[in-house]
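Asker: When you line the sequence shown up against full-length UniProt numbering, it's residues 1 to 401, in that order. All C-beta atoms in this analysis are idealised placements derived from N, C-alpha and C, irrespective of residue type, glycine included. None of the values given here were measured: they were computed from a predicted structure.
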Amino acid sequence: MKIGIVSNLYPPYVRGGAEYVVVRTVEKLIEQGEDIFVITSCPKERALGLECFRNASERIYYFFPKNLYYLLDDYKHYVPVRLLWHIIDGFSRYGAKNTTEVLKKENPDVVFTHNLKGIGLRIPLAIQKFGTPHIHVVHDLQLIYPSGLLFIGQEKKSILVRPIYSAYQKVCSYLMGQPDLVIFPSEYLRKTYLEKGFFKHSRIRVMQNPAPDNIRSARIYRENKALNLLFIGQLEYHKGIQFLIEAFKKLDIKANLIIAGEGTLRNYVELEAEKNKNITYLGYIAVEQMMECFGAADALVVPSLCYENSPTVIYEALAAGVPVVASEIGGVGELVENGRNGFLFKPEDETDFLRAVHDVVTSRQKFIETQDDIRKTVEPFALDKYAKDLVKHAEDVIAQK
1 MKIGIVSNLY PPYVRGGAEY VVVRTVEKLI EQGEDIFVIT SCPKERALGL ECFRNASERI
61 YYFFPKNLYY LLDDYKHYVP VRLLWHIIDG FSRYGAKNTT EVLKKENPDV VFTHNLKGIG
121 LRIPLAIQKF GTPHIHVVHD LQLIYPSGLL FIGQEKKSIL VRPIYSAYQK VCSYLMGQPD
181 LVIFPSEYLR KTYLEKGFFK HSRIRVMQNP APDNIRSARI YRENKALNLL FIGQLEYHKG
241 IQFLIEAFKK LDIKANLIIA GEGTLRNYVE LEAEKNKNIT YLGYIAVEQM MECFGAADAL
301 VVPSLCYENS PTVIYEALAA GVPVVASEIG GVGELVENGR NGFLFKPEDE TDFLRAVHDV
361 VTSRQKFIET QDDIRKTVEP FALDKYAKDL VKHAEDVIAQ K
């Protein structure tokens, strides 16, 4: 089967877990014998027009979306500039034009779209007009809130901005059209989008994100050793890194905090690591180093302050047999079960976070002994099964087109 994949970001241009879900899916589909091509964006200096880069297993079509700036540079610009960027992203036909050009050349059996913010929101309508079966995979809230973020306590927007968000949602709902099938990685995300009126005439499925199949580490119980807590992710306010560091400093037990990742708060994290001997900052880490971190960790901490969908790093930790301490927000509670593969705590609640960490201390030896059971909690979401299910759904959509 020839499958087209459209994603706003794709290596070497990545930001978060959604891109790695796409990459792992593409690699597994190719391994299973499918013919894959990818349409994605790139900075202006990489390719002004549509360019195809080929490697041994896939074809990647890159183009700069002709906007005020590249998606990964959004943090450099003020709100008025970002607002204009969003307007251009929604109404520019450039991304749709390039996508149609590739569809004419490749003539795929089906097209999967992923996050589209920053590559062109008119792309779904172009795919549907072309007539190719269309499956959309949702990853976050970016079609409901321009930033893709909803913070705890902001569920009810101010009466002043409510009309703006409502208009934005209606525009995005129109531009998405009606894909033949929409896949949500969490029940939380499905419910949220349907309540906002999206995808009224599309078939809907909930499929948890795929757990990576190349992650495994053996953890050994270290009696009387300091507790090792691990954070892997974007160093951004919404990921809760500041909350985590401040709460960690109030722990009354011997503990270490290992932090890996990049982001706008890197300087803050580096400064805290310099001041506190129990905090270590590793910077960006590759998969091999992540395995080493998992092998030494007693728990991964996911202290998000915003509504998360289905964080990729949770799947990675559980696949490695590492329990997770996470904010109970969004779709996280669908992955972490108290006492079985980790502990949940109330978002932005230091007292409850400290309670969850003490629960890890109490369960430390048990979690070492049951690490295979922890791995089993993500076995239903195995990457191989996920890719095969995608193909089956694609076959069903093609048959019903």
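1) Cα-Cα, which of Arg340, Cys293, Val287 is closest to Tyr281?
2) Just how far apart, CA to CA, sit Arg364 and Tyr78?
3) Name the one or two DSSP bridge partners that Val336 has.
4) Along the chain, where does the alpha helix (DSSP H) that runs through Thr40 open and close?
5) For the region 372–388 against the region 273–289, do three or more pairs of beta-carbon atoms, one drawn from each stretch, fall closer than 8 Å, so that the two count as touching?
6) Roughly how many angstroms lie between the CA atoms of Ile329 and Phe199, to the nearest whole one?
7) Note down, in chain order, each residue of its chain lying with its Cβ closer than 7 Å to the Cβ of His393, except the 5 sequence neighbours on either side.
8) Would Arg355 be called buried (16 or more neighbouring beta carbons within 10 Å of its own) or exposed?
9) By how many angstroms is the C-alpha of Val137 removed from the C-alpha of Asp396?
10) Could you pull the DSSP bridge partners for Arg59 from this structure?
11) Leaving out five residues before and five after Asn338 in sequence, what residues of the same chain have Cβ atoms less than 7 Å from its Cβ?
12) Whole alpha helix (DSSP H) runs in the region 227–299 with 4 or more residues, listed along the chain?
13) Only counting runs of 4 or more residues, tell me where the alpha helix (DSSP H) segments fall wholly within the region 100–153, in order along the chain.
14) Pick out the complete beta strand (DSSP E) segments inside the region 315–359, 3 residues or longer, and give them in chain order.
15) Using a threshold of 7 Å, is the CB atom of Arg122 nearer than that to any non-hydrogen atom of the ligand ZN?
16) Might you give, ordered along the chain, the residues of its own chain that have their beta carbon closer than 6 Å to the beta carbon of Phe248, omitting 5 neighbours on each side?
17) For Gly321, count neighbouring C-beta atoms within 10 Å of its own C-beta (all shown protein chains included) and say buried if the count is 16 or more, exposed if not.
18) Taking Val110 as the reference, give the member of Lys117, Val102, Ile164 with the closest Cα.
Answerer: On the basis of the data shown:
1) Along the sequence shown, read from residue 1 onward, the residue named residue 281 stands at position 281. It is Cys293 whose Cα lies nearest to the Cα of Tyr281.
2) Against the sequence shown, residue 364 aligns to sequence position 364. Against the sequence shown, residue 78 aligns to sequence position 78. Taking the straight line from one Cα to the other gives about 46 Å.
3) Taking the first residue of the sequence shown as 1, we reach residue 336 at position 336. In the DSSP output, where bridge partners are listed per residue, Val336 has none listed.
4) Counted from its first residue, the sequence shown places residue 40 at position 40. Premise fails: Thr40 lies in the beta strand (DSSP E), 35–41, not in any alpha helix (DSSP H).
5) no
6) The residue you call residue 329 lines up with position 329 of the sequence shown. The residue you call residue 199 lines up with position 199 of the sequence shown. The straight-line gap from Cα to Cα measures roughly 24 Å.
7) Looking up residue 393 in the sequence shown gives position 393. Hits under 7 Å: Ile135, Leu181, Arg205.
8) Here residue 355 refers to the residue found at position 355 of the sequence shown. It is exposed - the Cβ of Arg355 has fewer than 16 other Cβ atoms within 10 Å.
9) Residue 396 sits at position 396 when you count from the first residue of the sequence shown. Residue 137 sits at position 137 when you count from the first residue of the sequence shown. Straight-line Cα distance between these residues: approximately 16 Å.
10) For this step, residue 59 is matched to residue 59 along the sequence shown. Note: Arg59 sits in a beta bridge opposite Phe37, Arg54.
11) Within the sequence shown, numbered from 1, the residue matching residue 338 stands at position 338. Closer than 7 Å at the Cβ level, and outside the excluded window around Asn338, lie Leu344.
12) 241–248, 266–275, 287–296
13) 123–130
14) 324–327, 342–345
15) Among the components of this structure there are no ligands whatsoever, and the ligand ZN is therefore not found.
16) Position 248 of the sequence shown holds residue 248. Same-chain partners within the cutoff: Leu257.
17) Numbered from 1 along the sequence shown, position 321 holds the residue referred to as residue 321. By the neighbour-count rule (16 or more Cβ atoms within 10 Å), Gly321 is buried.
18) Position 110 of the sequence shown holds residue 110. It is Val102.
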